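Residue numbers (mature numbering (1 follows the signal peptide of the UniProt record, and there is no 0)): -19 to -1, 1 to 58.
Note that beta-carbon positions come from the ideal geometry of N, C-alpha and C, so glycine has one too.
Values in this document were obtained by computation on a predicted structure and should not be read as measured data.
Notes to accompany the following structure.
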């Protein structure tokens, strides 16, 4: 009876150690995919960050890195 109990405990430990990496691995993979999809290239971000460089089409000044919008982002007013 003791051998059966020990065998069951060993089996339970082995199964739990196998289940942990598999369950966490799926979530980590999904998180990595979401992170990579959200990343922007330097060209998408603009030269100065998350704004549009000059000569990009705009509707509001906040879209432009220079905060100057006249249908297109401008370097100065």
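Residues near residue 36 by beta carbon distance below 7 Å, same chain, minus five either side = 53, 54
Going by the beta-carbon positions, is the gap between residue 32 and residue 46 smaller than 8 Å?
-> yes
When the Cα atoms are used, what is the spatial distance from residue -18 to residue -7?
-> 17 Å
Assign residue -8 to one of three DSSP states: helix, strand, or coil.
-> helix
Going straight from the alpha carbon of residue 43 to that of residue 34, what length do you get?
-> 12 Å
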